[in-house]
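The sequence shown lines up with residues 5 to 151 when you count with the numbering used here. I have placed the structure first, in the form of structure tokens, so that the comments after it can refer back to it.
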Amino acid sequence: MLVLSLLQGALAYAALGSSPSNFGTTPMRQGARSLAAAGADSAAAVYTVSQSTLDSGTVVREYMNAEGVVFAVSWNGPALPDLRTLLGDKFAVLTNTAAKRPKAGHSQLAVEQQDVVIVSGGHMRAYAGHAWIPGALPAGFDTSVIE
Numbered sequence: 005m006l007v008l009s010l011l012q013g014a015l016a017y018a019a020l021g022s023s024p025s026n027f028g029t030t031p032m033r034q035g036a037r038s039l040a041a042a043g044a045d046s047a048a049a050v051y052t053v054s055q056s057t058l059d060s061g062t063v064v065r066e067y068m069n070a071e072g073v074v075f076a077v078s079w080n081g082p083a084l085p086d087l088r089t090l091l092g093d094k095f096a097v098l099t100n101t102a103a104k105r106p107k108a109g110h111s112q113l114a115v116e117q118q119d120v121v122i123v124s125g126g127h128m129r130a131y132a133g134h135a136w137i138p139g140a141l142p143a144g145f146d147t148s149v150i151e
């Protein structure tokens, strides 16, 4: 049992707020996107989107700043990704909020706190969600572009 716990810890990579996740797939990088805000200087903020398609068919996107730190994530597909891996230490916020809600009839969960925003919903074979860290968003980043 201890070996399993150690192995699980070694295989889990934190994402939101740290380095990108490793789902055992080769991520497809979607080119850097520039966020030149009106009136900003020539050194525009840049972010990169890394997209992975899991064995389940679920697509996971991780939005990274110029330093390679993930500030936002999204998922869409027939199965939930490993949210513990994807959300990192913010996973506890999701589980604590979910534990306070009645179970019947709720297919969506939304959490909006100062340090994290998480929206997750769906039903069997159709799950979608996104999360971000408000304080880590690049200047001028519009959260409506999170796919």
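Glycine is no exception: its CB is placed at the ideal position from the N, C-alpha and C atoms.
Check                                                                                                         : Outcome
N- and C-terminal bounds of the alpha helix (DSSP H) containing A102                                          : 95 to 103
Cβ-based burial, V121 [other Cβ within 10 Å; buried from 16]                                                  : buried
Cα-Cα separation, I137 to T57                                                                                 : 23 Å
C-alpha gap between V77 and Q118, whole angstroms                                                             : 17 Å
Span of the alpha helix (DSSP H), counted from its first residue to its last, around T89                      : 87 to 91
With 16 other Cβ atoms within 10 Å as the buried cut-off, status of A40                                       : With a pLDDT of 47 at A40, under the threshold of 50, the predicted position of this residue should be treated as unreliable, though the coordinate-derived value follows. Label assigned to A40: exposed.
Other residues of its chain near G126: CB distance less than 6 Å, five sequence neighbours each side excluded : A132
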